[in-house]
Amino acid sequence: MQILEFIGDALELVGLLPGELKGWLEENGEPAYRYKQIFDWLYKKTVFAFDEMANLPKSLREKLAASFSLPSLTLMTIEDSADEETTKFLWKLRDGKLVESVLISSGDRRTVCVSSQVGCPARCAFCASGKEGLIRNLTAGEIHEQVLQIQAQLKKKGEHVSHIVFMGMGEPLDNYDQVVKALRLLTHPLALNLSPRRITVSTVGVVEGIEKLMDEEISVNLALSLHAPNQNLRKKIVPYSRKYLLEDILKAVDLYSKKTKRDLTYEYVLLKGINDSRKEAQELGELLKGQHCCVNLIPYNPVDGLNLKRPEKESIEAFREILDRAGIRSTWRYTKGKDIAAACGQLALKKMPPKEEALITL
Ligand code: SAH
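Each residue of the sequence shown is one higher than the last, beginning at 1 in UniProt numbering.
Here it is, written out as structure tokens:
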């Protein structure tokens, strides 16, 4: 079957949709109904050792072990932040590449921030993930397994993953098919059964991806990483956005939110002296006027080697007040997990061998 994902010499088990696993079982002379038992072990019991899948015959367990890799991610490090609200997981993939996920705990919420690619093509000026450019896409299984392995850890404390945000490494809409497949599996009743209302896909604004996503049967929340109120400044902060006019991106996200009736958030990383003045706040207010949305103001979280600064609290408050007056709802807080470098991509980048490549500066 074409759809099965190969990395190295074994198939990935996490990442197969029920129909795909049924197909594999039939092709291998096994009764198709076993897929339900396997799903139950993986997604409800979070058991990753074939030996422990007690209601499967030994012959099937052996066939599975010979054909599939499980798990596909190896946990390299876990780091807790001092406030114990964020935990960062660094994973090694089967080809040795590194990606990370962050667990954010807040009240009853357990939000997993997942990576969708190794590296990132967007190369945003303030972000660690894009420093090396895009290395490769993650498979649906690799995306899903970040959540599943964290779920297994949470279960030990009687907790479970409640929300997912695609705000880790990578541009999710640049890896469209695998991300949508991961969404189908994350929301599947036989798997984690997460509500699409609790999932947010964050994008720099891949117009054709947004247009496709609004027609999928699974409607998730959308976040647009805006970071500037006009095309000129934006293309400096988000080089990838040169491909698209801001106008077209805004049209696409507006249509997305009208069609899907899901939440629309604009992320705006505040960079001192670059996009944080009153003028930009006013322009942003004008740009988003009348939209039903929320702007998430994120003070820049320092990344090694980048010569950028976060604004003072007073100027963030002033920025916010201007948005307020324009009738635009906004939130802000200092980025969680600052002490463990939780801003996207920093941990993996630290562990990767440095490359002789110019960093993006403004
Ligand atoms: N490519 C997608 C998904 C990555 S998430 C996108 O750009 O939306 C990107 C988000 O990570 C940014 O919007 C920002 O909110 C956050 N981020 C990355 N680096 C950061 C930094 N150094 N400081 C603060 N926020 C950062």
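Where is the CB? At the ideal position from N, CA and C, for every residue including glycine.
None of these values were measured; they are calculated from a predicted model.
Per the DSSP calculation, residue i is bridged to which residue(s)?
i    : result
E79  : K88
G119 : L134
V201 : F166, L222
Y268 : L297
R110 : S105
V99  : W91
W332 : L297
T74  : K92
What does the Cβ neighbour count give for residue i, buried or exposed, with the cut at 16 atoms within 10 Å?
i    : result
G337 : Low per-residue confidence applies at G337: pLDDT is 46, beneath 50, and the placement is therefore not dependable, though the value from the model is reported in the following sentence. Looking at its Cβ environment, which holds 16 or more other Cβ atoms inside 10 Å, G337 is buried.
H144 : buried
E312 : exposed
D276 : buried
Y244 : buried
K88  : buried
E286 : exposed
K157 : exposed
L75  : exposed
N221 : buried
G141 : buried
A341 : The predicted model places A341 with a pLDDT of 43, which falls under 50 and marks its position as unreliable; any figure quoted below should be read in that light. Buried, since its Cβ has 16 or more Cβ neighbours within 10 Å.
G305 : exposed
T200 : buried
G168 : buried
Quick check: is any heavy atom of the ligand SAH less than 8 Å from the C-beta of residue i?
i    : result
C120 : yes
S129 : yes
A223 : yes
M167 : yes
S202 : yes
H227 : yes
E85  : no
V269 : yes
N193 : no
N137 : no
E171 : yes
V14  : no
N296 : yes
F50  : no
P302 : yes
P299 : yes
F126 : yes
Can you find the residues in the same chain that come closer than 6 Å, C-beta to C-beta, to residue i, ignoring five residues on each side of it along the sequence?
i    : result
V179 : S116, P172
K309 : K272
L284 : P229
L13  : F68, L70
I218 : L183, T187, P196
Using a Cβ-Cβ cut-off of 8 Å (strictly less than) and excluding sequence neighbours within five positions of residue i, which residues of its own chain qualify?
i    : result
R234 : L226, H227, A228, S241, L246
P353 : Residue placement at P353 is poorly supported in this model, since its pLDDT is 42, which falls under 50; the coordinates still yield a value, given next. Correct list: empty, nothing qualifies.
P121 : G130, G133, L134, E171, D174, Y240
D248 : V207
E30  : L60, K63
S195 : T187
Q198 : Residue 198 is actually Arg in this sequence, not Gln. Around R198: S162, H163, I164.
Using C-beta distances below 7 Å, list every residue in its chain close to residue i, excluding the 5 sequence neighbours before and after it, in chain order.
i    : result
L35  : For clarity, residue 35 is Tyr in the given sequence; the question names Leu instead. For Y35, where only same-chain residues beyond five positions count, the Cβ hits under 7 Å are P18, L21, K22, L25.
N137 : Q117, N175, Q178
I322 : R278, A281, Q282, G285
Any heavy atom of the ligand NAD closer than 8 Å to the beta-carbon of residue i?
i   : result
P31 : Inclusion of the ligand NAD in the displayed structure is not the case, the ligand content consisting of the ligand SAH alone.
Could you tell me which whole alpha helix (DSSP H) segments of length 4 or greater appear in the region 229 to 256? Taking only runs of at least 4 residues, the alpha helix (DSSP H) segments lying wholly in the region 229 to 256 are 231 to 237.
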